[in-house]
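Enquirer: Next up is a structure, given as C-alpha cells.
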Amino acid sequence: MAFERGSVLRGVAAGVLALTVLTGVSACGGNKGGGTFTTQNDEPGFRLFGGRGGGKSTSQAGVIGVNGFLWRASLDTLAFMPLASADPYGGVIVTDWYTNPEKPDERFKATVYILDTRLRADGLNVTIFKQVKDASGGWTDTAATEQTATDIENAILTRARQLRLSNIKN
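Rendered as C-alpha cells:
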C-alpha cells in the first residue's frame, strides 16, 4: 500500500509542477494591461546589442555621450601627452605622466571631464597633477598652478570653437 501512496504523491507532485510551468509560460506570452513592446528598428533579424533588426542600424550608432567638438578638441590639445584612458560615453580623458625634455625633473598628468552635450565653457573641467623629482630620484607630488589647468581649458575651448566653425562652413 505504501508503494501506491508514494506513486500517487509523485503523480500529484508532477501534476503540480507541470501546471506551474504551464502557468508561468502562459503568463509570459500574454499582454494583458501591460505596455506595448516596441523596437527601434522593425527590420527582421537579430542584432546582438540592438535588439531586433537586421544588419543595418537606424539608431544612433557611434554617437558619443558628450559634446563631440569638446571631445575632439580635448584629444587634439592633449595629443602631446601619452593617453592612459578615454571614455567617450562618460566624457573622461586621463593621460599618463608626461615629462618635458627641457625639464626632466618634473612631470605632469591631466584628467579632462566633459560634463555636457553642449559646447559650453562650463561643460569642461581639467585637473592637472604635477610631480617633482626629489634628491633621492623619487617622484613627489606637488601642487600644479591653477593657471595651468585654466590655460589647457582655454586651449581646448578655442580648438572646439575652431572645429565647430569648420563644420559649419562645410
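For the working numbering, count along the sequence shown from 1 and bump the result up by 8.
No residue lacks a Cβ here, since even glycine has one placed at the ideal position from N, Cα and C.
Keep in mind the model is a prediction, meaning the values are calculated, not measured.
Taking DSSP as the reference, what is the three-state secondary structure of residue 158?
Expert: Three-state result, residue 158: helix.
Enquirer: Is residue 57 buried or exposed, if buried means 16 or more other CB atoms sit within 10 Å of its CB?
Expert: A caution first: residue 57 carries a pLDDT of 48, below 50, which makes its placement in the model too unreliable to give a value.
Enquirer: Do three or more CB pairs link the region 142–153 to the region 120–133 at distances below 8 Å?
Expert: The answer is no - the region 120–133 does not touch the region 142–153, with fewer than three Cβ pairs under 8 Å.
Enquirer: Can you tell me where the beta strand (DSSP E) holding residue 116 begins and where it ends?
Expert: Residues 114–122.
Enquirer: Let me make sure I understand the geometry here. Which of 114, 174, 136 and 81 has the alpha-carbon closest to that of residue 165?
Expert: When each option's Cα is compared against that of residue 165, the closest is 81.
Enquirer: Can we say the region 127–136 touches the region 153–164, given the rule of at least three CB pairs closer than 8 Å?
Expert: The answer is yes - the region 153–164 touches the region 127–136, with three or more Cβ pairs under 8 Å.
Enquirer: I need the straight-line Cα distance from residue 108 to residue 84, nearest angstrom please.
Expert: Cα to Cα, the separation comes out at about 18 Å.
Enquirer: Under 7 Å Cβ to Cβ from residue 167, same chain only, skipping five residues before and after it: list those, please.
Expert: Same-chain partners within the cutoff: 81, 84 and 85.
Enquirer: Determine the DSSP secondary structure at residue 72, reduced to helix, strand or coil.
Expert: Note: residue 72 maps to coil in three-state DSSP.
Enquirer: Which same chain residues end up closer than 7 Å to residue 75 when comparing Cβ atoms and leaving out the 5 residues on each side of it in sequence?
Expert: Around residue 75: 122, 124, 125, 126, 127 and 131.
Enquirer: Looking at the unbroken beta strand (DSSP E) that takes in residue 143, where does it start and where does it end?
Expert: Note, residue 143: premise wrong, no beta strand (DSSP E); not H, not E.
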